[in-house]
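Below is one structure; the comments refer to it alone.
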Amino acid sequence: TEDGEIIIEVEYDKDESDEVDELESILEKILVEQEEENEEEDED
24 TEDGEIIIEV EYDKDESDEV DELESILEKI LVEQEEENEE EDED
């Protein structure tokens, strides 16, 4: 999106939901880290 927000849509079978949950949590961590880095850059 224009806000720099990333939207990811994933289609998966019910038996894959555990793997998808794991991927979502990994992506969430990456996004949080990037937001923190961006905030640090803005302070300079």
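Sequential numbering of the sequence shown, starting at 24, is according to the working numbering.
The C-beta atom is built at its ideal place from N, Cα and C for all residues, glycine as well.
Cβ neighbours of E51 within its own chain (closer than 7 Å, five residues either side excluded): none.
8 Å or more divides the Cβ of V55 from the Cβ of V43. Secondary structure of D26 (DSSP, three-state): coil.
C-alpha of E60 to C-alpha of E66: approximately 10 Å in a straight line. Under the three-state reduction of DSSP, V55 is assigned to helix.
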